[in-house]
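Novice: Dumping the structure here so I can ask a few things about it.
Residue numbers (my numbering): 263 to 1246.
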């Protein structure tokens, strides 16, 4: 048996010398076949009857057994894609090889055996042919020649549907135009892909294309190494050493003086190697610029162009630049920097959470736009540390002074709070209740409602200003270090969007360039803006309606919770802590959070649709419009419930016998006797913490599951068959709006820790812990779970800066109102200084003073409880009104107006003090550090000097060569410009 199968085994041993796994596939399967056939031979030698020709051939070892050379020449051998199936039936057909057939058992056994093994050998041969065709590492980022770098990849599935021919024509035209633009293409057939369905078109930008579009995009390149001395070392650097990363990681490239690239001055630039002069991020940015503007034909009388349209209509399934290696190990190619691996090891792992971020490497690999986001997020997190420490101190102050709080002592005292009978909190169904049942909640409210709350509210108003001003300085330093000082927005953001050029058929002359440009008529703009504004207004109204629905829920279920807790014995042990007010607040907050998430999911798609419908002219306009729509919606969606609890709940209740009702049916909510601040804290904690947890699940777990599911089949393949472009194709798409959602998430969080921070001093601490995780989650998903984004330039965080400034100003107002109207601080201060009668303990008697008296007999039938088993005569309620025996019965007392005046005065004073400090601090801190200003001037001077010297040298060469065009006037003018630059 082994004689005529030896050629198969030898081939199996030789197919995969690199140990990729195909050796095992071929060799093991063949060994199984030999074992089966050998067993068959052994059974015949033991006396079993054999009627097949194979038995006779094996037993005689006859000369009819085909030789190795004959097998290799056989048509069904390895050169075919199904050699075993062909070979099995070939054996049956070529009976002369095996002599006279005396039976069918051996023949059928052999044929059946090889048929069953056919599929495995087909897969084995397919893999072998793929390896033979491409002698490259699976991490190769080059064309098959191993020289030309892959700058971009397009993929498509050749599905035979009714639009197949149209898509084929689009692709042919598009790829032809790409080649006319100078790009070089190389296509991987679908047979080479892992699933046998996807074509991959690899794109390479040669040198001529790169230098042409580098000049168009005004890309800055190095002309001389920076000779400006670095900053003086910080004496604290030795203490911060554990937080530092290696110098090679922090600064992967030397610092250079740079100048915009010009094809005519190539000798001026430090071009050591044309293949590495432009970084991969620059290269993919240039190629993407070409792809977004390359035409692919005319349809319905309109010129069509751009890869985005081709992706939307399904002509291509994906377009992306390649990662340079796998994230968990370096590339085998020595020409690859393996920057993705470095980013993963030094930045994207959670165990590196205490390390600084390699911003220069992030910028080099992903581009300035992503780099500036992580710089801002890191700086925001650093500044949160100070706010978190101060907030924690304020919280600890409330914790340590909890036992000294006279208000909670009086509420918990059986002789005081136990004797005060409170009016029912709902009509008919609710009973009278004793004040000391809210003992625990009043104690916990002191954690957040104390003197430290006022200090923390003022501190956060100043902290916001410091954060924004210091960020401007940090941003200015990054602009210098990343060559963005003279970055012109029109080079990146003010370019016309391809969608605008495609949809606007009318043209008019640009008064500046005197060129014809597409434009959208004013009537069309007005109609689109009306539709857009109406849609946004409708969705904002929908949010307000949902908030009203939650309020109705609170009003409707309160009586049910009160009755349930009173009549259920198992809830009695926790009835002091879990009051009906708190139970209603917690469940309503959870319900509100679910509604927020649902509305967010729906509105995101609506916002993108109406922004597309407006047809913004430039990329900047598109991002700004979408940002304002999304932020307005998110602002109302997330903060409306907090605004309700802070400024409306318990403020318009009325009094017993004359309660106010919503829709004439549901009685408005009352605050806890200890105040509404604890409920605002509960609302803020649930929404803020829930949003952060849900956000991390969406950002980390969902992409990981999607990638795991998409790669489940590829895990069974040898690694050398899973190419770099296929690996990246199976990752998630980051998308043009990827950073938009990251900024939006952080700005909403910023609102939570500034707008309502007076109610929850621990909010900055929660935000700090979340952001430490957020940085590593964002870096991990970007490095491991997403395709490499197209590099883009940005010199700031854009319109988000203005939004943050607006929220900083609004936060001063909201916190002043929270301290004045939501907390009990002002009423306590008024009582302390104006109404206290006990000099030894000024705050004693405050609870009794803050509760008004109501005579139960004055209850109308609509409000009167069904039962009064203890025959109470009076009940108390939270307000400042005259008692029933006063001539101004149940009207507001003078103390109410004193407190109201004090609240308004406090708001005015606090706002003015904080605003004065804010503006003074902003004036004192310059936006650009002095050393950065000096460096910018020095670099401009040296750059101009180098450029002028270069021009002078070129003129001298032309004069020496006798070029008549090089006149004496040109020479004098150049020298004059050099003198002028020195003077400047």
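Using N, Cα and C, we set each Cβ at its ideal position, and we do this for glycine too.
Does the distance from the CB of residue 904 to the CB of residue 1018 come in under 8 Å?
Specialist: Yes, the Cβ-Cβ distance between residue 904 and residue 1018 is below 8 Å.
Novice: Quick test of the definition: if touching needs 3 or more C-beta pairs under 8 Å, does the region 422–435 touch the region 596–615?
Specialist: Contact between the region 422–435 and the region 596–615 is absent, because fewer than three Cβ pairs lie under 8 Å.
Novice: Between residue 570 and residue 558, is the Cβ-Cβ spacing less than 8 Å?
Specialist: Their beta carbons are not under 8 Å apart, which means residue 570 does not touch residue 558 by this criterion.
Novice: Measure the alpha-carbon distance for residue 754 versus residue 816 and round it to whole angstroms.
Specialist: No answer about residue 754 holds up, because its pLDDT of 46 lies below 50 and its placement is not dependable.
Novice: Put residue 1075 into one of helix, strand or coil per three-state DSSP.
Specialist: Residue state, collapsed to three classes: helix.
Novice: Alpha helix (DSSP H) containing residue 781: first to last residue?
Specialist: Run containing residue 781: none; DSSP gives neither H nor E here.
Novice: Determine the contact status of residue 1066 and residue 950, defining contact as a CB-CB distance below 8 Å.
Specialist: No, the pair does not count as a contact, with Cβ atoms beyond the cut-off.
Novice: Would residue 533 and residue 539 qualify as a contact pair, given that the criterion is a beta-carbon distance under 8 Å?
Specialist: For residue 533 and residue 539, yes; Cβs fall inside 8 Å.
Novice: Quick one: measure Cβ to Cβ for residue 615 and residue 656, integer angstroms, because I've assumed they're closer than 8 Å.
Specialist: Contact flag wrong, Cβ pair sits at about 26 Å.
Novice: Considering only their Cβ atoms, is the gap separating residue 707 from residue 1088 smaller than 8 Å?
Specialist: Not a contact, by the Cβ cut-off of 8 Å.
Novice: For residue 924, write down the residues that DSSP places opposite it in a beta bridge.
Specialist: Note: residue 924 sits in a beta bridge opposite 928.
Novice: Please work out which residues of its chain come closer than 7 Å, Cβ to Cβ, to residue 1189, disregarding the five sequence neighbours upstream and downstream, and give them in chain order.
Specialist: Same-chain partners within the cutoff: 734, 735, 738.
Novice: State the DSSP-derived secondary structure class of residue 715, mapped to helix, strand or coil.
Specialist: Helix at residue 715.
Novice: To test your reading of the DSSP string, which unbroken beta strand (DSSP E) runs of 3 or more residues are found completely within the region 486–550?
Specialist: If we require 3 residues or more, the beta strand (DSSP E) runs fully inside the region 486–550 come out as 518–522.
Novice: Taking C-beta to C-beta, are residue 929 and residue 1120 nearer than 8 Å?
Specialist: In this structure, residue 1120 does not lie closer than 8 Å to residue 929 by Cβ.
Novice: Take residue 394 and list the residues in its own chain whose beta-carbon comes closer than 8 Å to its own, dropping the five residues that flank it on each side.
Specialist: Residue confidence is low: residue 394 scores 45 on pLDDT, short of 50, so the model does not pin down where it sits. No coordinate-derived value is stated.
Novice: Can you confirm whether the region 891–908 touches the region 779–793 when touching is taken to mean that 3 or more C-beta pairs between the two stretches lie within less than 8 Å?
Specialist: Short answer: they don't touch.
Novice: Below 6 Å CB to CB, which residues in the same chain sit around residue 847 once its five sequence neighbours on both sides are set aside?
Specialist: The answer, listed in chain order, is 941, 944.
Novice: Give me, in chain order, the residues of the same chain whose beta-carbon lies closer than 6 Å to that of residue 1041; leave out the 5 immediate sequence neighbours on both sides.
Specialist: If we look at residue 1041 and ignore the five residues flanking it on each side, its Cβ neighbours are 609, 610.
Novice: Tell me the rounded alpha-carbon separation between residue 900 and residue 858.
Specialist: Using only the alpha carbons, I get a separation of about 7 Å.
Novice: Looking only at C-alpha atoms, which of 694, 1008, 906 sits nearest to residue 247?
Specialist: Because the chain here runs from 263 to 1246, residue 247 falls outside it and cannot be looked at.
Novice: Please go through the region 683–748 and give each complete alpha helix (DSSP H) segment of 4 or more residues, from N-terminal end onward.
Specialist: Entirely contained in the region 683–748, the alpha helix (DSSP H) runs reaching 4 residues are, in chain order, 701–707, 713–743.
Novice: My output table needs one value for residue 1026: the three-state DSSP class, helix, strand or coil.
Specialist: In the structure shown, residue 1026 sits in a helix (DSSP, three-state: H, G or I).
Novice: Once DSSP output is grouped into helix, strand and coil, what is the label at residue 1139?
Specialist: Residue state, collapsed to three classes: strand.
Novice: For residue 1016 and residue 1069, I'd like the C-alpha separation in whole angstroms.
Specialist: Near 8 Å, if we compare the C-alpha coordinates of residue 1069 and residue 1016.
Novice: Going by the beta-carbon positions, is the gap between residue 988 and residue 448 smaller than 8 Å?
Specialist: For residue 988 and residue 448, no; Cβs fall outside 8 Å.
Novice: Along the chain, where does the beta strand (DSSP E) containing residue 449 start, and where does it finish?
Specialist: 446–450 is the extent of the beta strand (DSSP E) around residue 449.
Novice: Would you grab the beta carbon distance between residue 490 and residue 1197 for me? Rounded to a whole angstrom, and I think it's under 8 Å.
Specialist: At roughly 6 Å, the Cβ-Cβ gap stays under 8 Å, so residue 490 and residue 1197 are in contact.
Novice: Go to residue 442, then tell me how far its alpha helix (DSSP H) extends in each direction, as first and last residue.
Specialist: Residues 426–442.
Novice: Given that a residue counts as buried once 16 or more other Cβ atoms are within 10 Å of its Cβ, and exposed if not, what is residue 619?
Specialist: Buried, because 16 or more other Cβ atoms sit within 10 Å of the Cβ of residue 619.
Novice: Measure the C-alpha to C-alpha separation of residue 292 and residue 453 and round it to an integer number of angstroms.
Specialist: With a pLDDT of 42 at residue 292, under the threshold of 50, the modelled position of this residue cannot be trusted; read the value that follows with caution. For residue 292 and residue 453, the distance between alpha carbons rounds to 25 Å.
Novice: Inspect the CB distances between the region 669–679 and the region 637–652 and report whether three or more fall short of 8 Å.
Specialist: Flag = no, the region 669–679 and the region 637–652 do not touch.
Novice: Just checking, does the region 717–729 make contact with the region 1164–1176 on the three C-beta pairs under 8 Å criterion?
Specialist: Contact holds: three or more Cβ-Cβ distances are below 8 Å.
Novice: Can you tell me which of 814, 712, 604, 473 puts its alpha carbon nearest to the alpha carbon of residue 851?
Specialist: The option with the nearest alpha carbon to residue 851 is 814.
Novice: Where does residue 1223 sit, in a helix, a strand or coil, going by DSSP?
Specialist: DSSP places residue 1223 in coil when its eight states are reduced to three.
Novice: Could you tell me whether the Cβ of residue 1079 comes closer than 8 Å to any Cβ of chain D?
Specialist: Protein chain content of the structure displayed is limited to a single chain, and chain D is not contained in it.
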